[in-house]
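Below is one structure, written out as structure tokens; the observations come after it.
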Amino acid sequence: MTKIVVVGAGVIGLTCAHELLKDPSNEVTVVSQQFPTDFEFSTIYTSPIAGANWLSFAADDDKFTQEIDKVGYKKYKELVKRPESGVTARKECTYIPHNKSGKKFYDGLPWFLKNGLGSQYGLKIYDKNEYDTKLFSNAYEFDGFNIRTGYYMTFLINEMWKMSGSAEKSDSRFGMIRKSIKKLSDAYTLHHLGGVADIVINCTGFLAKELEDLEDDEKDKIYPVRGIVFVAENNTGMKKNTLVDIYDPEHPDEKLYFMPRREKELIMGGVFQENNLSSYVDPAFFHRLVTRCKKYLSQYNWDDLKVVRTQVGYRPFRKGGYRIERVGNVVHCYGLGPAGFQSSWGCAERVVGLVNDFKNKSKL
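Residues -17 to -1, 1 to 347 in mature numbering (1 follows the signal peptide of the UniProt record, and there is no 0) are what the sequence shown lists, from first letter to last.
Have a look at this one:
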């Protein structure tokens, strides 16, 4: 049996643990200072408070990330059939204002909707009579998903218990330990079955920057990008995930997107603020957001908007993109920025491959 410790219980850590447990020769422990079943979260623990959908950010020439995100799309398409997963089918609608139409419409489409791929994702380009041509140059939609993060992450944990046996069994192949660590080397002695772990999976996200034994040049690559979303009662009539691809030169880091969840709540966002670790939310930002709602999406009811909470989180970015590699007995998987949910399954697939490579070499 191979003892594995996964450090981090964000969506990346839990998905990696889930996929590793599919191999009956693996015994997996997730070590984290927080879990998705907690009632309160630090702002560094971003996954449980994320909006979460599938909208690949990969550039046209970034085949590496494209292949990773394809895995996630296929998996969420399967999970829609399991309501307990928290994954719901949603049309993903994008409106393009005139001031964002500098390049040809086709060239501005994401990679998965071009080069004959659009039909695989249910691409529909709106007719001119389906949007306000005074505001928008184009609009389109495709078949996407809405991921209720708290349900979904708890679902992953429950699936792991089912794979491994009762939590109280002394030989259960899965375990969780609440623990803060300062060094990855500390994780080897934290396996729930005792002894020393064979391999550690580093899924610490932004907190990788604080690990004492992470390479110094790697620490310099990790940085936060602040996000703000408002969770509101959905009295608007909106049923599709919706992005208005705005650009405001006075507030270039502000966005306009919405995710209507099945519980009749609406995620409203947001911002993209690099190296901003403030938890303060300026009321003027919310005022601007509502003003944009009424301007660009006047077909919906914004008068009865009731916000139930405001969420601030920090997307764990890394200069150079994702780090998915093995260094000795450690597999690193972090730096996914805003793409944790959509890239999690593809990243986990690669982590499993790296662990299997390690196991095979250990047998030689």
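Don't be surprised by glycine CBs; every beta carbon is placed ideally from N, CA and C.
Please read all numbers here as calculations on a predicted model, not as lab measurements.
- prompt: With 16 other CB atoms within 10 Å as the buried threshold, where does PHE22 fall?
  reply: exposed
Cβ distance (whole Å) where ASN36 is taken to contact ILE160 below 8 Å: 31 Å between Cβ atoms; not a contact.
query: Hey, quick one: how far does the beta strand (DSSP E) through GLY158 stretch, first residue to last?
result: 157 to 161
field: Residue range of the beta strand (DSSP E) that includes ARG306
entry: Per DSSP, ARG306 belongs to the beta strand (DSSP E) from 306 to 310.
- prompt: To which residues of the same chain is ALA33 closer than 6 Å at the C-beta, ignoring the five residues directly before and after it?
  reply: Within the same chain, Cβ atoms closer than 6 Å to the Cβ of ALA33 are found at THR132, the five residues on either side in sequence being excluded.
- prompt: Whose C-beta lies closer than 6 Å to the C-beta of GLU332 among residues of the same chain, with five residues either side of it excluded?
  reply: VAL54
6 Å CB neighbourhood of THR219 in its chain, flanking five on each side removed: TYR283, ASN284
query: Is it the case that the Cβ atoms of GLN325 and ASP52 are separated by a distance below 8 Å?
result: yes
- prompt: Would SER15 be called buried (16 or more neighbouring beta carbons within 10 Å of its own) or exposed?
  reply: It is buried - the Cβ of SER15 has at least 16 other Cβ atoms within 10 Å.
- request: Would you decide whether ASN121 is buried or exposed? Buried here means 16 or more other CB atoms lie within 10 Å of its CB.
  value: Residue environment for ASN121: buried (at least 16 other C-beta atoms within 10 angstroms of its C-beta).
message: Please identify the residue among LYS289, SER168, VAL295, LEU92 whose C-alpha is closest to the C-alpha of ASP265.
response: VAL295
task: Compute the Euclidean distance between the alpha carbons of THR(-16) and GLU198, then round it to the nearest angstrom.
output: 26 Å
Environment of residue 355 [buried if 16+ CB atoms lie within 10 Å]: Residue 355 is absent from the model: the chain starts at -17 and stops at 347.
task: For ILE164, name the three-state secondary structure that DSSP assigns.
output: Under the three-state reduction of DSSP output, ILE164 falls in the coil class, being neither helix nor strand.
message: Tell me which residues share the same chain as PHE300 and place their Cβ nearer than 6 Å to its Cβ, disregarding the 5 neighbours each side in the sequence.
response: TYR206, VAL208, GLY320
task: Counting only the same chain and skipping the five closest in sequence on each side, list residues whose C-beta sits under 7 Å from that of ALA191.
output: Only residues of its own chain outside the window of five on either side were considered, and among them ASN185, LEU197, ILE205, TYR317 have a CB closer than 7 Å to the CB of ALA191, listed in chain order.
- prompt: Between which two residues does the beta strand (DSSP E) harbouring SER15 extend?
  reply: Looking at the DSSP string, the run of the beta strand (DSSP E) that includes SER15 is 9 to 15.
query: In terms of alpha-carbon separation, which member of PRO80, TYR230, GLY91, TYR56 lies closest to GLY127?
result: If we check each option's Cα against that of GLY127, TYR56 comes out closest.
- prompt: Going by C-alpha distance, which of LYS238, ASP287, SER345, THR137 is nearest VAL30?
  reply: Reading off the sequence, residue 30 comes out as Ser, not Val. Residue THR137 is the option with its Cα nearest to SER30.
message: Taking contact to mean 3 or more Cβ pairs, one atom from each stretch, closer than 8 Å, check whether the stretch 41 to 52 and the stretch 327 to 343 are in contact.
response: They touch, by the three-pair rule.
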